[in-house]
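Chains as they are written, first to last, in this note's numbering: chain A, 1040 to 1422; chain B, 6 to 299; chain C, 7 to 97. Positions of the beta carbon are idealized from the N, C-alpha and C atoms, including for glycine. Below is one structure, written out as C-alpha cells; the observations come after it.
And the structure:
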C-alpha cells in the first residue's frame, strides 16, 4: 500500500465523514480530538485517513488538550483541526481565546446537539450559535460557517481552512447532528480543482521580524517554530514585538485590531445564499439544517401566493448586518427558524431595527422543525 | 535608566531577550538561577537553538518563556504540555521544552502531565516547585507541604502534597530528576541529559519563594531557603521515587531517580505507519524495549 | 549538602587577580553570592543602584578561586567571571 492521495469522485457519505474529507482536501494534516456524539465519526474518519495521507491523528485526554494540541501543530506549520459538540465546545472556550489572541490558523468543528449540559447527545440542536460568537472571555472577532448538507460541509471545511490562513484566526464550523449523520451524495473534485490559500510568511529576515506587525489588511505575517525567527508570543496583552505590555494603550491597540481584522474584511468573508429576496414581503432567514427545512416552507408559501424570500446564512459570524438592515426597510417581516429559543433571531431583530418584524420560530431541539410550523409563521407574518 | 543597564553585558545575554532584563522575579527568587542553569545545560547539549521551542504556562515560572531568545510560547494555565505535544508531533525535528511551575503542571495541568508521560511524548519538562501559587500571592497548591501556612490555609495546609517524581515515574516518564536552585552544577548536567534523552523527561527544581511562601513559613528571605536546602538536601542518585516525599522543613532528597528506555510516542506512531504501508513485514517485538520497573 | 572532596586550604592555591565582574544595576541584593563564595570575595556595598538595592562588590585583593559559584547562583545574570571590565559611564 502506498501513500493515499485525497479522494476524488462522487461518494455517498454522511456529513461527519464529508467534513473529514474536506479537511484532508484542504491540506489538514493534524487532527487532535476527543470522542463526543455526534462528532465522533469525524475523529474516526481522520484516524483512518490521516496516516494514509502522511498526517497525524492523535486522541487527546480531553477537549482542552485537543484545542491546545491543534494550536501547537499550527505553530509548527501544519494545518490542524478538531471536532466536538456542545459540552466539548464549552471546554474549548478558554483556549479558543488563546488561538484568537495568538492569531493561530486552525479549524474547530461543532456538530451541535441539544443542550444545555448533557442534553440529548444523539439529537440535533442549534443552541451554541451565540456561544460561537461570544463564548470566550473578552472582545474579539470570529468567523463561523454553517453548512446544511454533507456536500456543503465538505466545501465549507475547505473554505474554513482558507479563511483561517488568510485572516490568521481560528474558524468555526457550526454544523449540527442532522447534517453530521445524514448521508447524501458528495462530489469531491480533483486536487487541481481546489484553491488553497497559503499561509502568509514573513518577507524580512529574523532580526527585523515583528510577530504582530500587521499588513494593510490588519493580518500579520506568521513565522512558524523552528524557522529561525526566535519569536516570543503570549496570551497576555502584547505589542508588535509579541512581548507582554500591561497597559491600557496596548490593550486598546490590540483588541481593536483583533476585532477590526474580521470586521473590516467582512465583504470578503461573508457568504449568504439568497433566493427571491428582492420583492419579497416575508424573508425567511435561517442556517444549517433549519435552512433546508425552511426551503420546503418557502416553496409552499409561494404556491399560496405569498411573496417569500429565502436568506440562507452560510456565514453566520460575522453576521451580515448591512444586508438585514437594508432588507428591513423593504420587507414586512423576517421569519427566523432555528433549533433553539432564539439566538440568531436576536441579531436579525437588532439589525432590523424595528423597520420590519422579526418572527422567531423556535424549536428546543431533539428533532428538526415541522415545515408546517415555519409555513404558519410565514402566513401570519404576511398578513 | 535602561540605558545604564543595557551598557553592562553578561555572556548569557546572547540567549536572553536583553531588552526585557532585569526580569520581574523577586529578589531571592530562584527562577533566575534555574533559567541560567537551564540555558547552560541547553548550550552544553549542543542542540541547534533554532530548533528549540520553549512552551510555558501561567505563573511566575511561566514568565521564563518571555526571557529566552528562542521560539517561545506563553500559553494558558495548565496547557503548556498539550500545546507542546502538538508542536512536537507536527514537527518532530523541534526540541520541545516545557518550562512551568508546580501549580500549572501538577494541578490544572495534572491530567496533561500524566498523559504525556504515559505516551512518552518526546519533550523535556522543567517543573519549578516553589510549593505555592506564587504569582497570585502564595496560595496552597498540590505540592504545598502538609501544615504549611498560605493565604488559603491560614491554619495550616490540610492536604498532603504530590510527590512529583513518583507521579511522573509511575505514569511512564523515562527520565526523572530533582534538584534545588542551589544545586546549580547538578542541575545543568541534568538539563543536558534530559534534553538529549528520547522520551518524556522531567526535572523538578525546588526553588525559593521568599515573598509569599517563605514569608508565611518562617523563611522570609531567599537566603533562608537556600540555607535550608544546603542543610536539609541529600543527594541520592537512583533513589526510588516512592521515597522522595517532601515534608515541611524536612529532608529534601535530590538526584537523578529514573533514567530508562521506552519507545516514544513517535516510535509507536511510526509503527502504526509501518503497519499501514508494509503489512507483509513482520511486526517488531517491542517487549524487550519496555523498561523493567524502577 | 554533603561534601565529596576536600576544600583547598587558604594559601594552598595560588591566588590570581580577582576576576569577578558585577553588573551593579542588575543586582537585587539577594546575598546568594556572598553566602556561597568559599573565599569571602564578595560583600554588600553601602551604595545604592538605580533600583534602590545595595549591589555587591568583589574585593580585588581577595583569594578568589574563580570557582564560578557566584556566577551560577546569581538569579539576575549580574555576575560573570572573566577579565574585569571598566565600569560603564553613567549619565
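Which of the three DSSP states is assigned to residue 76/B in this structure? strand
Closest to residue 58/C by C-alpha separation, out of 31/C, 16/C, 27/C, 89/C, would be which residue? 31/C
Report back the beta-carbon spacing between residue 1355/A and residue 1183/A to the nearest angstrom; my notes put them in contact at under 8 Å. 5 Å
Going by DSSP, what residue range makes up the beta strand (DSSP E) through residue 64/C? 62-64
Using a C-beta to C-beta distance shorter than 8 Å, which residues of chain C count as neighbours of residue 139/B? Ordered by position in chain C, no residue passes the 8 Å Cβ test against residue 139/B, which lies about 14 Å from the chain.
So that I know if they touch, is there some Cβ in chain B lying closer than 8 Å to that of residue 1238/A? no
Within-8 Å CB hit, residue 98/B to chain A: yes
Give, in chain order, every residue of the stretch 1256-1272 of chain A whose Cβ lies closer than 9 Å to some Cβ of chain B. 1262, 1263, 1264, 1265, 1266, 1267, 1268, 1269, 1270, 1271, 1272
Residue 1176/A, buried or exposed, once every other Cβ within 10 Å from all chains shown has been counted against 16: exposed
Neighbour flag for residue 125/B against chain A, beta carbons, 8 Å: Not flagged as an interface residue toward chain A: residue 125/B, since no C-beta distance is shorter than 8 Å.
DSSP state of residue 150/B, grouped into three classes? coil
Where the stretch 30-42 of chain C meets chain B: residues whose CB sits under 7 Å from a CB there: 31, 32, 34, 35, 36, 37, 38, 41
Please decide whether residue 87/B counts as near chain A, where near means a Cβ-Cβ distance under 8 Å. A Cβ of chain A is located within less than 8 Å of the beta carbon of residue 87/B.
With DSSP as the reference, identify every bridge partner of residue 207/B, one or two as the case may be. For residue 207/B, the pairing in a beta bridge is given by DSSP as 130/B, 181/B.
Identify the residues that DSSP records as bridge partners of residue 983/A: which are they? Nothing can be reported for residue 983/A: it is not among the residues displayed for chain A, which extend from 1040 to 1422.
Straight-line Cα distance separating residue 61/B from residue 69/B: 7 Å
Interface partners of residue 269/B on chain A, CB under 8 Å: Taking a Cβ-Cβ threshold of 8 Å, none of the residues of chain A is close to residue 269/B; the smallest such distance is about 13 Å.
Coarse secondary structure for residue 1260/A, derived from DSSP in three states: coil
Just by C-beta distance, which residues in the stretch 10-31 of chain B are closer than 9 Å to chain A? 22, 24, 25
Where residue 115/B and residue 88/B are concerned, what is the direct C-alpha to C-alpha distance, given to the nearest angstrom? 14 Å
Just to make sure I have the definition right: I need the residues of chain C whose C-beta is within less than 9 Å of the C-beta of residue 42/B. Which are they? 78
Beta-carbon proximity list for residue 209/B, same chain, < 6 Å, skipping 5 on both sides: 132, 134, 169, 183
Check whether the Cβ atoms of residue 1329/A and residue 1349/A lie closer than 8 Å to each other. no
Would you identify the three-state DSSP class for residue 1354/A, choosing helix, strand or coil? In the structure shown, residue 1354/A sits in a strand (DSSP, three-state: E or B).
Could you tell me whether the Cβ of residue 1112/A comes closer than 8 Å to any Cβ of chain B? So yes, residue 1112/A belongs to the interface.
Along the chain, where does the beta strand (DSSP E) containing residue 61/B start, and where does it finish? Residue 61/B -> beta strand (DSSP E) spans 57-61.
Under 9 Å (Cβ pairs) to chain B, residues found in the stretch 1067-1078 of chain A: 1068, 1069, 1071
May I ask you to report which of helix, strand or coil DSSP gives residue 34/C? Of the three classes helix, strand and coil, the one that applies to residue 34/C here is coil, per DSSP.
Can you give me the start and stop residues for the alpha helix (DSSP H) that residue 82/C sits inside? Looking at the DSSP string, residue 82/C is not in any alpha helix (DSSP H), and its letter there is neither H nor E.
Determine, for residue 1291/A, whether the minimum Cβ-Cβ distance to residues of chain B falls below 8 Å. No, its Cβ sits nowhere closer than 8 Å to a Cβ of chain B.
Separation of residue 57/B from residue 102/B, as counted between CA atoms: Near 7 Å, if we compare the C-alpha coordinates of residue 57/B and residue 102/B.
Check the Cβ of residue 258/B against every Cβ in chain C and list those closer than 9 Å, keeping chain order. Near residue 258/B there are no residues of chain C at all, since even the closest Cβ is about 12 Å away, more than 9 Å.
Who are the Cβ neighbours of residue 79/C in its own chain at under 7 Å, not counting the five residues just before and after it? 38, 39, 42
Specify whether the stretch 1076-1090 of chain A and the stretch 1214-1225 of chain A touch according to this definition: at least 3 beta carbon pairs, one from each stretch, less than 8 Å apart. yes
Counting only Cβ-Cβ distances shorter than 9 Å, please list the residues of the stretch 1367-1384 of chain A near chain B, keeping chain order. none
For residue 1417/A versus residue 1345/A, is the C-beta distance shorter than 8 Å? yes
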